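**Student:** Below is one structure. I have some questions about it.
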Amino acid sequence: MEHRLRFNVSLSMKTGLKSFRKRHIRACSIFLFLILFVGLPSLTLASRFLSSSGNLVSKNEMIDDDAYSVGDFVEIYGVVNGDLSAFCYEIDTDGEINGNVNVFAYRSYIGGKTERTVRLFAYEGEILGQAGSNVVAFCKDLIIGDKAVIMRDLNFAGENIRIDGNIKGNVDINADAVRISGVIEGDVHIEAQDVIILSSAVIKGNLDYTSTLEADISPEAVIEGKIYWEEKERKPDSENGLNILSRLSRFILFFMALITGFGLILMFNNHTRESSEFIEKRFWYSLAVGILAFLIFTVGALILMVLVIGIPLAIILMAMGVFLFYVGKIYVSIVIGRLVFRLLARGRKIAMGWELLIGLLLMTIVFQIPMIGTVIYVLTFIAGTGAAVAGHLSLNRKCRVAMAGITSDKPQKV
């Protein structure tokens, strides 16, 4: 009886595996030879973590180590005797950070005193206190407050920046609009469309700028060095309409990705889970496979295009590549959401759909960060593509092992 029951279960598994193979195996069989790499060990996290229930560090509190925080709102009013790294919606620091500050946020207010470098990746940023070394900022809008002091250099890339404070070193800016009313003790290099130097501004070094118009420099402003202006070609007014269209397209693409992700979770749950685990545990392996897949899709399609008979195959190959590159972002989003919930939920199991939603929201914010967002965008799609391929091959291998086990358990005829 027990043997017959085991055989019936095995037969049911065999039928399910056949159905699984029909849905998952055909799409990526071309990539069997991609398994050429050995994945590197996954990265581990250390130091002290601040969860959603403990994102407030009060004035009398001290963290004698590096601090990591993931959540909606982060408030640091005490002392951190190490680096502070935060991935959140909004952060407000008014305490003392005796290390570096690394922030990924929608809004960021960096006050108090930072002993070393401030690295800021945000939609809106504001430096209100003292930075003991450099400030590197990639933001849409950045304000250097009138009481802010940056002891070394400022490097900024974004849309708008206002400098009201004191910068001891050099300034390098790539933006749309720049307004300076503070004191800069080094050289200033600017690439922007509009440059305004107010009456209270003091620049002790040279002012070298590239702009569509000559800078609006107040006669009362003090510029001790030389002024160099290189005229830049003005953008046509039609691009303003394109900016609105771009924002609308981002909104549409977000919901398209969300719907696609839910569809993958519902219809291809095993493959989605396997692919996301590859990114989490074997990121470098996924990235390597993704690079090879990208080369195959591009170079392979070009080669097939040369041959008239190969044009249909080239079209199929390119369509496959576009699809995999698109869904790659979904797998990475699930992993990011999973890491967030792992820090916040403290061991509770969260549905994959919620992981997708939170991860996709965070990635959408990060993608808007100038320059660095583009780099992360490319890495995300490549690693996600590699994980999709590796996940498929891993499931295919598990199917073969399971099928071999079922065959060996099948009763032999006498």
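Last residue of the sequence shown: 413 in numbering that gives the first Met the number 0, with the numbers rising by one and none dropped.
Don't be surprised by glycine CBs; every beta carbon is placed ideally from N, CA and C.
Computed from a prediction, not measured in an experiment: that's the story for all the values here.
Thinking V321 and T379 are a contact (beta carbons under 8 Å), I'd like their distance in whole angstroms, please.
**Tutor:** No, V321 and T379 are not in contact; Cβ-Cβ is about 15 Å, not under 8 Å.
**Student:** Which residues mark the beginning and the end of the beta strand (DSSP E) in which L153 is found?
**Tutor:** Element bounds for L153: L153 to I162.
**Student:** From K167 to H270, what distance separates their C-alpha atoms?
**Tutor:** Between K167 and H270, the C-alpha separation is close to 54 Å.
**Student:** Which ranges would you report for the alpha helix (DSSP H) in the stretch 258–330 if only whole runs of at least 4 residues count?
**Tutor:** List check, alpha helix (DSSP H) in window: 268–280, 282–294 and 300–305.
**Student:** Terminal residues of the continuous alpha helix (DSSP H) containing E354?
**Tutor:** Segment M351 to F366, the alpha helix (DSSP H) holding E354.
**Student:** I'd like to check one pair, G110 with L83: are the Cβ atoms closer than 7 Å?
**Tutor:** Not closer than 7 Å, so no.
**Student:** So, is S210 buried or exposed, given that buried needs 16 or more other C-beta atoms within 10 angstroms?
**Tutor:** Per the 10 Å Cβ criterion, buried.
**Student:** How would you call T92, buried or exposed, if buried means at least 16 neighbouring beta carbons within 10 angstroms?
**Tutor:** The residue in question, T92, is buried, as its Cβ has 16 or more Cβ neighbours within 10 Å.
**Student:** Curious, which full-length beta strand (DSSP E) runs of at least 3 residues does the stretch 64–125 contain?
**Tutor:** Correct list: 66–75, 83–92 and 100–109.
**Student:** Just the Cα atoms here: how many angstroms apart are R396 and G352?
**Tutor:** Between R396 and G352, the C-alpha separation is close to 26 Å.
**Student:** In the DSSP assignment, the beta strand (DSSP E) including A220 goes from what residue to what residue?
**Tutor:** No beta strand (DSSP E) contains A220, which DSSP labels as neither H nor E.
**Student:** Would you mind sorting V400 into buried or exposed? The rule is 16 or more other CB atoms within 10 Å of its CB.
**Tutor:** V400 comes out exposed.
**Student:** So, with DSSP's three-state summary, where would you put N395?
**Tutor:** Looking at N395 - three-state DSSP - the assignment turns out to be helix.
**Student:** Quick check: the Cα distance between F340 and G358, rounded to an integer number of angstroms?
**Tutor:** Approximately 10 Å between the Cα atoms of the pair.
**Student:** Just to confirm the assignment, what range does the beta strand (DSSP E) spanning A176 have?
**Tutor:** Where A176 is concerned, the enclosing beta strand (DSSP E) stretches over A176 to I179.
**Student:** Alpha carbon to alpha carbon, what distance is there between H391 and M304?
**Tutor:** Cα-Cα distance, rounded: 27 Å.
**Student:** Since E184 sits in a beta bridge, which residues does DSSP pair it with?
**Tutor:** DSSP, once it has assigned bridges, lists no residue as partnering E184.
**Student:** What is the DSSP secondary structure of A147, counted as helix, strand or coil?
**Tutor:** Note: A147 maps to coil in three-state DSSP.
**Student:** Just the Cα atoms here: how many angstroms apart are K203 and I364?
**Tutor:** Rounded to whole angstroms, K203 to I364 spans 37 Å at the Cα level.
**Student:** Sorted by chain position, which residues of the same chain lie with C-beta nearer than 6 Å to N101's C-beta, five sequence neighbours on each side aside?
**Tutor:** Result list for N101: S84 and R118, in chain order.
**Student:** Along the chain, where does the beta strand (DSSP E) that runs through E230 open and close?
**Tutor:** Unbroken beta strand (DSSP E) run through E230: I226 to E230.
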